[in-house]
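Working notes, structure below.
Residue numbers (my numbering): 25 to 636.
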């Protein structure tokens with residue numbers, strides 16, 4: 025029986041989690057995404073990664089033609105390939121919303137720097153009388169050394185409280201502007217939220233501003249992913265006003281969801297949040313504001329804005345205190361955004377004497393080279409391969425992802441996140457796998473899977489795991505009986521090429537920045553690796569593949585989610601926020617495409633370096 029797809033809406037229940045209503049005219053992956061439920065799908069719902077599997081416990085799904093869909097061998101369906109045809113009950117979804125970025129961090133800000141741009145001031149107003157008449161606005165001005173409320177919503181609150189003759193009031197100020205008035209002394213109720221709005225993952229931290237301490241953290245998959253895995257595809261999607269509105273709406277809703285989750289974790293309400301800081305790349309910040317990012321991808325490749333004053337939370341649809349403000353950290357250039365600025369401040373690169381290279385290995389690859397005297401920044405076309413996208417069996421670093429591969433004495437072994445059978449391989453896993461295969465001769469320096477037993481340290485691996493399918497070579501990492509879904513997990517020749525493209529892009533960018541700085545790559549004194557991928561990368565494997573420009577392992581350090589840490593520091597400290605704007609003025613943007621030798625260097629750097 026064929027079922028015609030239409031605009032009907034049906035109920036979808038995710039077992040043990042939530043119930044929602046979706047359209048039958050969109051595939052299940054997109055339908056769930058539009059309701060804020062993100063499935064792990066590195067291919068952005070194109071049906072190539074096989075990760076968005078769901079168990080349909082009750083109800084019927086159909087394919088794009090309206091024919092009842094057939095399940096995979098393990099009884100699951102790819103959500104991006106099926107459409108709901110009736111009310112559905114879906115089994116619990118593995119890895120939904122999970123991200124390593126969400127861990128609570130200790131953010132160190134010196135006590136003498138814990139001065140925020142938002143503060144609360146208690147006052148005891150002297151109410152006007154017939155003999156001493158003045159406006160209520162003037163009454164507050166006299167109590168606060170000349171600062172008076174001017175915003176209509178603040179004046180409304182003032183009028184209400186004055187009618188009740190409240191003897192003690194608390195004034196909320198942002199940059200010496202009164203944004204709210206509260207009854208009584210509420211100085212102990214002062215919270216803020218710091219966000220790293222990443223292309224793939226959005227991470228948030230809740231900060232007790234009165235104490236200068238991170239008290240909760242949460243994260244979620246960026247809901248824009250179904251509309252494009254990278255910023256270029258999202259810029260394209262946002263060309264249409266409806267597309268722009270969609271991308272803006274879903275990211276704002278995700279921030280609200282994270283805010284609610286953070287508040288529930290410590291038993292406060294979102295109205296207790298008075299300030300939000302956000303650091304994202306330039307595209308993410310444009311989309312958050314609802315500003316078209318078209319200028320970023322069209323010559324001469326410029327941002328619509330670089331720095332902004334604090335904005336009203338209500339203008340961005342954030343459900344925080346009505347007088348709350350949102351401070352977007354500044355963007356440097358079209359593809360070097362506030363996340364890079366925040367990262368520089370987080371690791372104190374702008375204060376250090378040491379010549380430092382900061383690399384953010386996320387969906388986008390940003391590079392900063394320099395110290396307190398000079399900073400050069402650039403962006404490389406890294407793409408989302410490190411997040412598992414564009415790989416045959418790639419997935420994000422969630423449960424079931426292969427994250428460690430070893431070849432010892434001819435035996436190949438692997439580990440998965442949280443143990444258990446593998447569902448795919450994440451970025452850190454593929455880097456380690458390729459390094460191991462390169463060292464034993466299964467991959468040549470040019471990145472080709474070999475077939476000559478004489479050149480391989482363990483020839484039996486060729487017979488067992490290396491094969492040719494329709495003229496395309498592939499290596500079996502996990503056999504079908506080992507995988508959770510009863511399918512083999514393979515590394516294809518294309519997968520190797522994807523990693524080569526990323527590593528060459530990064531290394532070439534570092535070379536060009538070093539040349540513009542007037543130094544050699546060997547003169548760099550320390551290398552800091554930031555980003556969710558950088559947090560788990562095996563340094564030895566990265567050096568073997570030539571992903572990192574150093575042979576000295578001791579000078580390389582992972583610094584975790586530097587963008588999130590920088591955003592939190594800017595939230596807690598006015599001096600750190602000011603440093604963000606100083607970095608904006610100081611940083612010199614280098615456009616790699618303008619380098620005449622870029623293409624030649626890029627091709628050369630595709631090869632893996634000689635083994636030592």
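We put the beta carbon where it would ideally sit given N, CA and C, even for glycine. The structure presented is a predicted model; accordingly, all values stated were derived computationally and were not measured.
Comparing alpha-carbon positions, the option among 164, 627, 74, 190 lying closest to residue 527 turns out to be 627. Runs of the beta strand (DSSP E) spanning 3 or more residues and lying entirely within the stretch 360-443 occur at 380-385, 389-394, 399-404, 425-432, 435-440, in chain order. Residue 305 counts as buried, since no fewer than 16 other beta carbons sit within 10 angstroms of its beta carbon.
For the pair residue 139 and residue 599, the CB atoms are nearer than the 9 Å cut-off. In the DSSP assignment, residue 261 falls within the unbroken alpha helix (DSSP H) covering 255-261. Assignment of beta-bridge partners to residue 550 by DSSP yields 380. Close CB contacts of residue 566 within its chain, under the 7 Å cut and outside five residues either way in sequence, are with 455, 572 (chain order). CA-CA distance, residue 402 to residue 242, rounds to 29 Å.
For the 9 Å CB-CB criterion, residue 562 and residue 585 do not form a contact. Contact annotation, residue 570 with residue 633: C-beta distance approximately 4 Å; criterion of less than 8 Å satisfied. Here residue 51 has 104, 107 as same chain residues with Cβ atoms under 6 Å from its own Cβ, once five neighbours each way along the sequence are excluded. Inter-residue distance for residue 302 and residue 595 is about 9 Å (C-alpha atoms, whole angstroms). Its chain contains 236, 593, 596, 597, 600 as the residues whose beta carbon lies nearer than 8 Å to that of residue 133, once the 5 sequence neighbours on both sides are disregarded; these appear in chain order. Cα atoms of residue 444 and residue 489: separation of roughly 21 Å, rounded to the nearest angstrom. In the DSSP assignment, residue 210 falls outside any alpha helix (DSSP H), carrying neither H nor E. Under the 8 Å Cβ criterion, the stretch 279-289 counts as touching the stretch 332-344, having at least three qualifying pairs. With respect to residue 79, residue 100 sits close: the two C-beta atoms are nearer than 9 Å.
Measuring C-alpha to C-alpha distances from residue 523 to each of 549, 492, 625, 630 identifies 630 as the nearest.
Taking the Cβ atoms as the reference, residue 360 lies roughly 6 Å from residue 613, within the contact range of under 8 Å.
Look at the beta carbons and you see the stretch 497-510 not touching the stretch 385-402: under three pairs across the two are nearer than 8 Å. In the three-state DSSP reduction, residue 81 falls in the strand class (E or B).
Going by C-alpha positions, residue 148 is about 17 Å away from residue 212. Residue pairing by DSSP puts residue 516 in a beta bridge opposite 498. Inclusion of residue 197 and residue 231 in the CB contact set at 9 Å is not warranted, their separation being larger than that value. Taking residue 466 as reference, the option from 520, 427, 248 with the minimal CA-CA separation is 520.
Excluding the 5 residues flanking it on each side, residue 615 has no same chain C-beta neighbour closer than 6 Å. For the pair residue 321 and residue 391, the CB atoms are not nearer than the 9 Å cut-off. Within its own chain, the residues whose Cβ lies closer than 8 Å to the Cβ of residue 71, once the five positions on either side in sequence are excluded, are 102, 104, 105, listed in chain order. Note that the stretch 310-317 touches the stretch 257-276; at least 3 beta-carbon pairs, one per stretch, sit closer than 8 Å. Residues of the same chain with a CB within less than 8 Å of the CB of residue 251, apart from the 5 flanking positions on each side, are 68, 257, 258, 261, 267, 270, 271 in chain order. In the three-state reduction of the DSSP assignment, residue 505 falls in the helix class. Annotation for residue 232: the continuous beta strand (DSSP E) segment containing it runs 225-232. The beta-bridge partner set that DSSP reports for residue 193 consists of 147, 207. Considering only 364, 97, 110, the residue with the shortest C-alpha distance to residue 77 is 97. Short of 7 Å from the beta carbon of residue 274, and not among the five residues preceding or following it, lie these beta carbons of its own chain, in chain order: 247, 248. The residues 302, 304, 308, in chain order, have a CB closer than 6 Å to that of residue 221 in the same chain once the five nearest residues on each side in sequence are set aside.
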